[in-house]
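Reviewing the structure listed below.
Residue numbers (our numbering): 1 to 377.
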């Protein structure tokens with residue numbers, strides 16, 4: 001049995017989700033690798049204390065350096081607001097920690113490059129939180145495509161819509177002003193990662209168009225006052241991949257009724273695959289070779305698909321989003337234990353930052369942009 005001490009910096013919703021996932025690892029995967037929730041850090045002391053007690057951490061702090069400088073800590077998870085990611089990655093890499101960082105990695109590609117340089121310089125095992133590619137259904141979609149049963153990939157159509165900013169009276173917050181935290185950077189980043197994973201090819205050339213639906217929001221400190229919204233509420237993009245696949249990406253944070261509206265369709269020369277995160281235990285697959293009886297088959301995930309069987313014993317029982325988080329935690333622990341780098345890592349996060357920069361540049365300049373144009377000098 002190997003034990004790794006975990007520190008999580010950021011005690012909000014996503015930080016506590018990681019805490020629950022790491023707590024669940026031993027129950028699902030046994031005791032070969034055991035995570036120990038050592039330290040939770042948050043700038044709000046009451047929140048840090050609450051999470052410490054609720055999730056069984058040994059201690060709490062309000063200072064991230066307490067996690068980074070503690071030699072007993074093996075793994076640091078960074079789940080803070082975006083603007084703090086890169087500095088914390090740099091510090092943790094220099095301190096010899098294994099690093100998990102939530103997406104988006106950096107505020108832009110130049111910022112993300114600093115994180116990439118830091119982990120490369122220190123040979124750091126890392127991972128970035130593109131959680132949806134852990135789904136057995138998404139993994140199965142990739143396997144079916146790789147098998148050649150559906151022929152050659154022609155097009156990828158993806159969207160990620162949510163309603164978390166659909167209310168114009170939602171108070172102004174950090175998500176409303178930095179470029180990386182608009183709809184594209186906040187949730188569209190996931191669809192970029194999914195496209196790369198499912199098509200097996202990175203984006204090559206992009207164009208895009210954004211809209212700010214609500215250009216001001218109430219000041220939480222003074223509700224009678226309004227503060228400007230300076231990033232995108234909606235972003236639509238077209239792109240081509242290096243392997244010739246044509247793609248679309250549509251994302252909105254102001255879409256009433258959309259909870260976690262991740263959907264994609266992969267059109268191939270001999271069939272098509274559809275996925276909907278709100279039906280996350282299913283795939284719809286069309287095989288042209290079915291001839292006169294051709295139609296979309298509804299394929300329910302089961303123990304035969306990826307790591308589904310670690311969480312449910314039969315098709316139809318279904319797994320949950322927190323199960324995906326637990327799969328992700330276990331994979332990262334295995335990487336740390338073996339010293340073998342895995343994907344998606346800091347380099348993957350950097351790549352997504354470059355693509356986002358290219359899409360934002362395309363929107364600003366009203367033209368197609370080669371992704372390589374946005375590689376930091």
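All C-beta atoms, glycine included, are put in the ideal place defined by N, C-alpha and C. As the structure is a computational prediction, the values presented were derived from the model and not from experiment.
Item	Value
Quick one: what does DSSP say residue 245 is sitting in, helix, strand or coil?	coil
Is the number of C-beta pairs between the region 323–332 and the region 13–25 that are closer than 8 Å three or more?	yes
Strictly by DSSP, which residues pair up with residue 187?	Paired residues: none, contrary to the question.
Select from 371, 346, 29 the residue whose C-alpha is nearest the C-alpha of residue 117.	346
If the criterion is Cβ atoms closer than 9 Å, does the pair residue 212 and residue 231 meet it?	yes
Quick check: what's the CA-CA separation for residue 42 versus residue 286?	48 Å
Mind checking whether residue 138 and residue 100 have CB atoms under 9 Å apart?	no
Report yes if the CB atom of residue 250 is closer than 9 Å to the CB atom of residue 159, and no otherwise.	yes
Helix, strand or coil for residue 238 per DSSP?	strand
Among 366, 356, 333, 234, whose alpha-carbon lies nearest the alpha-carbon of residue 125?	333
Which runs of the alpha helix (DSSP H) fall wholly inside the region 104–165 and span at least 4 residues, in chain order?	109–121, 136–147
Measuring only the C-alpha atoms, how far is residue 185 from residue 102?	12 Å
State buried or exposed for residue 271, treating a residue as buried only when at least 16 other CB atoms are found within 10 Å of its CB.	buried
So residue 305 and residue 71 are supposed to be a Cβ contact under 8 Å. How far apart are they, rounded?	The pair is not a contact, with the Cβ atoms about 41 Å apart (cut-off 8 Å).
Along the alpha helix (DSSP H) that carries residue 77, what are the first and last residues, could you check?	Note, residue 77: premise wrong, no alpha helix (DSSP H); beta strand (DSSP E) at 75–78.
Given that a residue counts as buried once 16 or more other Cβ atoms are within 10 Å of its Cβ, and exposed if not, what is residue 277?	buried
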